[in-house]
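Residues 613 to 870, numbered by my numbering, are exactly what the sequence shown covers, in order. Every residue, glycine too, gets a C-beta built ideally from N, C-alpha and C. Just below is one structure, and these are the notes that go with it.
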Amino acid sequence: MGAVHGEVDRLAALHADIGRRFTPGDRLVYTGNMIGRGAAVRETMDELLSFRRALIAMPGMLAEDVVYLRGAQEEMWQKLLQLQFAPDPAVVLSWMLRQGADATLSAYGGNPDQGLAAARDGAVAITRWTNSLRGAMRGHPGHENVMSALRRAAYTSQPGAGPAERIPVGVLLVSSGIETSRPLGAQGDTFWWGGTGFGRIDQPYDQFRRIVRGYDPGRGGIQAGDFTVTLDGGCGFGGPLVCGCLAASGEILELIEV
């Protein structure tokens, strides 16, 4: 699933389509940026939870068959809840608001002006303000659980094609980017902030035949190359929400837009 950005109606429509086809053995990966920008952040979180419950209730399904990746919006929200530890809280908060975090803030009853005022008043005021946001999120069952279950990346593999063989057969799913000169364990926040060089990847990375991302910071649209796929139709910026059905090897079986 590409970036949702709080567009719950598009998400619900895609869920309805996926739900009719989903069978045990399938996996669903949300590539981050599920929140932010759109006006229905809380409703989006509820939809994510509801659909996950429906899927893992199917015979043969496992809880880990539905994966949520961390995107830039989820990272910003978690950092916003720790704003008191930032070196310059007012500057950091102002930047987050310009990047779309204002929608998530409003969803949980936060006011940007109050946050900026608290940032100017010092650590105690900021802590009180962020605690109120955390409490508001806890008032919506499951929302905090989703945020605490975020993964950095997801990948497929095939029997006999493990890391030792270095045979590029699998697919790596990330939120926005990857630095191919670094090993997977050393990517850090490149997964959600490092998307600018994604289109220049011209060979397999490690054991992965293809790398798939759900958000393009340059908003270049849906793209499918020999080694990379971008599933970002511009959802949250006026474009459609995109979901890709892929084989374990990275072959694109179908693209769905809503």
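Check                                                                                                                 : Outcome
Same chain only: Cβ atoms within 7 Å of D714, ignoring 5 sequence neighbours per side                                 : P724
For D638, the three-state DSSP class (helix, strand or coil)                                                          : strand
Run of the alpha helix (DSSP H) containing V783, from where it starts to where it stops                               : Looking at the DSSP string, V783 is not in any alpha helix (DSSP H); the run it does join, the beta strand (DSSP E), is 782 to 786.
Sub-7 Å separation of M670 and H755 beta-carbons                                                                      : no
Sufficient close CB pairs (3 or more, under 8 Å) joining the region 672 to 681 to the region 740 to 753               : no
Which of helix, strand or coil DSSP assigns to G712                                                                   : helix
Alpha-carbon to alpha-carbon, Q815 and E718                                                                           : A quick correction: the sequence has Ser, not Glu, at residue 718. The straight-line gap from Cα to Cα measures roughly 42 Å.
Supposed close pair V641, M613 - CB separation, criterion 8 Å                                                         : 7 Å
Span separating the alpha-carbon of V751 from that of I630                                                            : The residue asked about is misnamed: residue 751 is Gly in this sequence, not Val. Taking the straight line joining both Cα atoms gives about 29 Å.
Three-pair Cβ contact test at 8 Å for the region 786 to 794 versus the region 825 to 845                              : yes
CB contact flag (L695, P701, <7 Å)                                                                                    : yes
Contacting residues, own chain, Cβ-Cβ under 6 Å from G862 (five flanking each side not counted)                       : V783, R821, R822
Coarse secondary structure for Q799, derived from DSSP in three states                                                : coil
Inside the region 819 to 870 only - beta strand (DSSP E) runs reaching at least 3 residues                            : 820 to 825, 840 to 842, 854 to 858, 864 to 869
Reduced DSSP secondary structure (H/G/I, E/B, other) of L623                                                          : helix
C-alpha distance - C855 paired with L728, whole-angstrom precision                                                    : 37 Å
Alpha helix (DSSP H) runs contained entirely in the region 693 to 766, provided each spans 4 or more residues         : 701 to 708, 714 to 719, 724 to 733, 735 to 750, 755 to 760
Burial state of T768, where buried means 16 or more other Cβ atoms lie within 10 Å                                    : buried
Burial state of T840 (16 or more Cβ within 10 Å)                                                                      : buried
Rounded separation between G648 and A798 - CA only                                                                    : 27 Å
Residues of its chain near F634, where Cβ-Cβ distance is below 7 Å and the 5 sequence neighbours each way are ignored : L667
6 Å CB neighbourhood of L843 in its chain, flanking five on each side removed                                         : G614, G826, V854, G856
Where T643 falls, given that 16 or more other Cβ within 10 Å makes a residue buried                                   : buried
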